[in-house]
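Q: Sending over a structure as structure tokens; questions will come in a sec.
Number of protein chains: 2
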Amino acid sequence: MGRWQPGARERLEQAALDLFLEQGFTETTVPQITARAGLTTRTFFRHFADKREVLFAGEESVPDQVARLMAGAPPSLGPMEVIAERLAPATVELFAGRSLDYLLRRRAAIDAEPALHERELRKWALMSEALQRGFRDRGADDLTARLAAELAVTTFRVAVTRWLDQHGDPDLPAVIDQTLTALRRLTAKAPGNGSTPPADAAEVRLPRMA
Amino acid sequence: MGRWQPGARERLEQAALDLFLEQGFTETTVPQITARAGLTTRTFFRHFADKREVLFAGEESVPDQVARLMAGAPPSLGPMEVIAERLAPATVELFAGRSLDYLLRRRAAIDAEPALHERELRKWALMSEALQRGFRDRGADDLTARLAAELAVTTFRVAVTRWLDQHGDPDLPAVIDQTLTALRRLTAKAPGNGSTPPADAAEVRLPRMA
DNA sequence: GATAGTCATGACACGACGTGTCATTACTTG
DNA sequence: CAAGTAATGACACGTCGTGTCATGACTATC
Chain A
1 MGRWQPGARE
11 RLEQAALDLF
21 LEQGFTETTV
31 PQITARAGLT
41 TRTFFRHFAD
51 KREVLFAGEE
61 SVPDQVARLM
71 AGAPPSLGPM
81 EVIAERLAPA
91 TVELFAGRSL
101 DYLLRRRAAI
111 DAEPALHERE
121 LRKWALMSEA
131 LQRGFRDRGA
141 DDLTARLAAE
151 LAVTTFRVAV
161 TRWLDQHGDP
171 DLPAVIDQTL
181 TALRRLTAKA
191 PGNGSTPPAD
201 AAEVRLPRMA
Chain B
1001 MGRWQPGARE
1011 RLEQAALDLF
1021 LEQGFTETTV
1031 PQITARAGLT
1041 TRTFFRHFAD
1051 KREVLFAGEE
1061 SVPDQVARLM
1071 AGAPPSLGPM
1081 EVIAERLAPA
1091 TVELFAGRSL
1101 DYLLRRRAAI
1111 DAEPALHERE
1121 LRKWALMSEA
1131 LQRGFRDRGA
1141 DDLTARLAAE
1151 LAVTTFRVAV
1161 TRWLDQHGDP
1171 DLPAVIDQTL
1181 TALRRLTAKA
1191 PGNGSTPPAD
1201 AAEVRLPRMA
């Protein structure tokens, strides 16, 4: 363990996030981050593979956790049940660790920078791959496994996005539930445009035509 | 228009893809690409914002095309109908321009390099954003618009992947159809594990428990 | 058919990113 | 107190990507 000033990694993460929000990702240089954390440039790259990674540390284990979680679920559960009953609670737990304020600040930084947004997309893609393997190991055919994995990722990503949009007001489990319901309604053959059928939707159907 | 040797851009794209496949993306330096194309380093960055972009040129207009396409569809169509009847043919057309061989080579290069894979994810994300706006403009509420957009992207991305996996054998429209059908079956409440119910699936249900 | 204008390219300098390498410092173990 | 370990510092270096100015080739106009 490091024994100079403890928590070098955490200091770097904090300084980086602060600077990214203050001046932007591109405008922030690694020497600036390390100066604020009281370290040198070389040390930064010993903790993080590149400048973006400072916002994505400690997420490498998630795919493995996902794999174990799925292997531990009763074989009788279908893909959608696995998503709703096993993966959803795990996702909630994943976000329960960090404060809402931190999550919002982190998202603000990521949304402001395409390069960081790409890294965020890769995070979900890695999760999707793990889920896909999990579904295949549970006996699903290749197409179903892929779709189920993508569906799960879509659900959780959309739910978390909306949850943060509303500053965490309806709690995450509720938002996930709402998202799953909307997803089922959407894919059900019933035609319609997706707004709550006749009621309170204030939005207007645009008569546009190209 | 350039009047030195015509097709500088195309020469750069070709040289880059060849070199990426020969020695890998990271190992290929921009001077190497420009040398093979008979140009200078500076010229490369006049045509492409960065090294990755050489594989993603000419795709900036897709989101706009998507927007026009959706605005031109009859307002009576629900989200899933828009996906199946309007967006699917457009997606097919999008891939009809390039030869299967080129698409396979391009994918091989992208799959071998995480940085390129991230760029590919961003491409689909931009398409998803355009779709989301399109669905919202058609009167869908925010949640439905997001989910429909993500569903469309998932469908086409999975379909194209599988289509290329099989070297284009069942044609793309057929694969998209198959994918949409599997997606509807998956989200329908009917429990089950996603393999063709009792028959020919040779895979074994693993008795694993974490 | 000369002249001016336009646009792609060449040439050069430069800052930031990321890595390899070796020395140094602090802590741990015996 | 001595040896070993692990994180850090210091330095050099290659590549990426940009700013800037000069140069070449084509076009339009008179």
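Read top to bottom, the protein sequences are chains A and B.
Read in order, the letters of the first sequence are residues 1 to 210 in our numbering.
Read in order, the letters of the second sequence are residues 1001 to 1210 in our numbering.
For glycine and all other residues, C-beta sits at the position ideal for the given N, C-alpha and C.
(1) Throw me the rounded Cβ distance for the L1019(B) and L1055(B) pair, which I believe falls under 8 Å.
(2) Name, going along the chain, the residues of the segment 1047 to 1077 of chain B whose beta-carbon falls closer than 7 Å to a beta-carbon of chain A.
(3) In angstroms with no decimal places, state the Cα-to-Cα distance between G1058(B) and P1173(B).
(4) In chain B, what lies closer than 7 Å to V158(A) by C-beta?
(5) Can you pull the chain B neighbours of E118(A), defined as C-beta to C-beta under 8 Å?
(6) When we look at the beta-carbon of W1004(B) and count the other beta-carbons within 10 Å, is it buried (16 or more) or exposed?
(7) Taking the C-alpha atoms as reference points, what is the distance between V30(A) and L186(A)?
(8) Rounded to a whole number of angstroms, what is the C-alpha to C-alpha distance between A8(A) and R46(A)?
(9) I'd like to know whether the C-beta of P89(A) is nearer than 8 Å to at least one C-beta of chain B.
(10) Roughly how many angstroms lie between the CA atoms of A1130(B) and E1085(B), to the nearest whole one?
(11) Please confirm whether A1088(B) and G1134(B) have their CB atoms less than 8 Å apart.
(12) I want to verify the contact list: residues of chain B whose CB lies under 7 Å from the CB of M127(A), in sequence order.
(13) Going along chain A, which residues have a C-beta under 7 Å from A1182(B)?
(14) Suppose you measure from the CA of E203(A) to the CA of P1074(B); what does that come to, to the nearest Å?
(15) Can you check the segment 1029 to 1099 of chain B for any beta strand (DSSP E) of at least 3 residues that lies completely inside it and give the ranges in chain order?
(16) So R1106(B) and E118(A) are in contact, right, with Cβ under 8 Å, and what is the actual spacing, rounded?
(17) Does DSSP put R1221(B) in a helix, in a strand, or in coil?
(18) Compare the beta carbon distance of A15(A) and A37(A) with 8 Å and say whether it is the shorter of the two.
(19) Could you tell me whether any Cβ in chain B is nearer than 8 Å to the Cβ of L251(A)?
(20) Give me the chain A residues within the contact set of R1162(B), using Cβ-Cβ distance strictly less than 9 Å, ordered along the chain.
(21) Going by beta carbon distance, what residues of the same chain come within less than 7 Å of E13(A), once the five residues before and after it are set aside?
(22) Is L1021(B) close to chain A, meaning its C-beta is less than 8 Å from at least one C-beta of that chain?
(23) Should the segment 155 to 167 of chain A be called in touch with the segment 1157 to 1167 of chain B, which here means at least 3 C-beta pairs below 8 Å?
(24) Would you mind sorting Q23(A) into buried or exposed? The rule is 16 or more other CB atoms within 10 Å of its CB.
(25) Pick out whichever of L1104(B), L1126(B), T1179(B) and V1153(B) has its Cα sitting closest to the Cα of E1060(B).
(26) What is the DSSP secondary structure of R1107(B), counted as helix, strand or coil?
(27) Just to confirm my understanding: we take E150(A), look at its own chain, exclude 5 residues before and 5 after, and list those with CB closer than 7 Å. What are they?
(28) Is there a Cβ from chain A that is less than 8 Å from the Cβ of L1094(B)?
(29) To the nearest angstrom, how far is it from the Cα of V1160(B) to the Cα of S1099(B)?
(30) Starting from the Cα of K1123(B), find the closest Cα among E1010(B), T1179(B) and T1154(B) and give me that residue.
(31) Write down the C-beta distance between P71(A) and D137(A) rounded to the nearest angstrom, noting that I regard them as a contact closer than 8 Å.
A: Here's the rundown:
(1) So it is not a contact: roughly 12 Å between Cβ atoms.
(2) R1068, A1071, G1072 and P1075
(3) 23 Å
(4) R1146, L1147 and E1150
(5) E1118, R1119, L1121 and R1122
(6) exposed
(7) 46 Å
(8) 11 Å
(9) no
(10) 17 Å
(11) no
(12) Chain B residues near M127(A): none, gap ~12 Å exceeds 7 Å.
(13) L143, T144 and L147
(14) Note on E203(A): pLDDT 39, under 50, position unreliable in the model; the coordinate value appears next. In a straight line, the C-alpha of E203(A) is about 18 Å away from that of P1074(B).
(15) none
(16) Between E118(A) and R1106(B) the Cβ distance is about 18 Å, and since that is not below 8 Å, they are no contact.
(17) Absent from the structure is residue 1221(B), since the part of chain B shown begins at 1001 and ends at 1210.
(18) yes
(19) Because chain A here runs from 1 to 210, residue 251(A) falls outside it and cannot be looked at.
(20) D142, L143 and R146
(21) V54 and A57
(22) no
(23) no
(24) exposed
(25) L1126(B)
(26) helix
(27) S128
(28) no
(29) 14 Å
(30) T1154(B)
(31) As written in the sequence, residue 71(A) is Ala, which differs from the Pro given in the question. Their Cβ separation, rounded to whole angstroms, is 7 Å, which keeps A71(A) and D137(A) in contact under 8 Å.
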